[in-house]
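First comes the structure, then the notes that go with it.
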Amino acid sequence: YLYVVDCIDAILLSLEKSNDLVNIFNLGTDSFCEVRDSISWIIDVLGVNPKIKFGEGDRGWVGDNPYIYLDTKKVRSLGWVPSLSIEEGVRSTVQYLQKNEWVL
Numbered sequence: 230y231l232y233v234v235d236c237i238d239a240i241l242l243s244l245e246k247s248n249d250l251v252n253i254f255n256l257g258t259d260s261f262c263e264v265r266d267s268i269s270w271i272i273d274v275l276g277v278n279p280k281i282k283f284g285e286g287d288r289g290w291v292g293d294n295p296y297i298y299l300d301t302k303k304v305r306s307l308g309w310v311p312s313l314s315i316e317e318g319v320r321s322t323v324q325y326l327q328k329n330e331w332v333l
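Residue numbers (our numbering): 230 to 333.
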């Protein structure tokens with residue numbers, strides 16, 4: 230979960246400031262969330278109370294990660310920091326989609 234504006238800002242900054250021939254950067258925030266966290270933020274913004282049912286077993290599909298936390302030191306050394314937390318980004322995205330139904 231990374232807010233799209235933060236992603237674009239990181240790409241533009243990386244193009245401007247990195248001198249390496251090949252550049253690979255991890256982009257992310259200083260935290261992580263679980264699916265149940267993002268679900269709670271989405272239903273809070275939407276003002277709904279759905280029945281939430283998870284699949285059987287401990288995890289999702291084969292190879293699924295319960296959370297992803299990336300090392301972003303390389304891109305941060307160029308001066309990039311995300312402007313929104315994961316929660317703020319999810320909430321802002323849902324609000325944007327509510328106001329711009331044409332996107333859906």
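Where a beta carbon is used, it is the ideal one built from N, C-alpha and C, also for glycine. Fair warning: this is a prediction, and the values are worked out from it, not measured in the lab.
Identity of the residue in the options nearest residue i by Cα
i: Glu256; options: Val264, Leu241, Asp249 and Asn248; result: Note on identity: in this sequence residue 256 is Leu, with Glu being the wrong assignment. Considering only alpha carbons, the answer is Leu241.
i: Ile297; options: Val264, Lys282, Phe283 and Glu285; result: Val264
i: Ile237; options: Asn329, Ser269 and Trp309; result: Trp309
Proximity of residue i and residue j at Cβ, strictly below 7 Å
i: Val319; j: Ser267; result: yes
i: Tyr232; j: Leu307; result: no
i: Val304; j: Ala239; result: yes
Same chain, Cβ closer than 8 Å to residue i, neighbours up to 5 away in sequence not counted
i: Tyr230; result: Thr258, Cys262, Ser267, Ile315, Gly318 and Val319
i: Ser321; result: Tyr232 and Leu313
i: Asn278; result: Ile272
i: Ser243; result: Asn252, Phe254, Val304, Leu307 and Trp309
Integer Cβ distance of residue i from residue j, believed to fall under 8 Å
i: Ile271; j: Val323; result: 5 Å
i: Pro311; j: Asp235; result: 4 Å
Close-in-space but distant-in-sequence residues of the same chain around residue i (CB under 7 Å, 5 per side omitted)
i: Asp300; result: Asn255
Cut-off 6 Å between Cβ atoms - residues of its own chain near residue i, not counting five sequence neighbours on either side
i: Lys246; result: Leu307
Closer than 6 Å: residue i CB and nearest the ligand HEM heavy atom
i: Trp270; result: Although the ligand HEM was asked about, the structure shown includes no ligands whatsoever.
### Query
Which whole runs of the alpha helix (DSSP H) in the region 241 to 296 are 4 residues long or more, in chain order?
264 to 275
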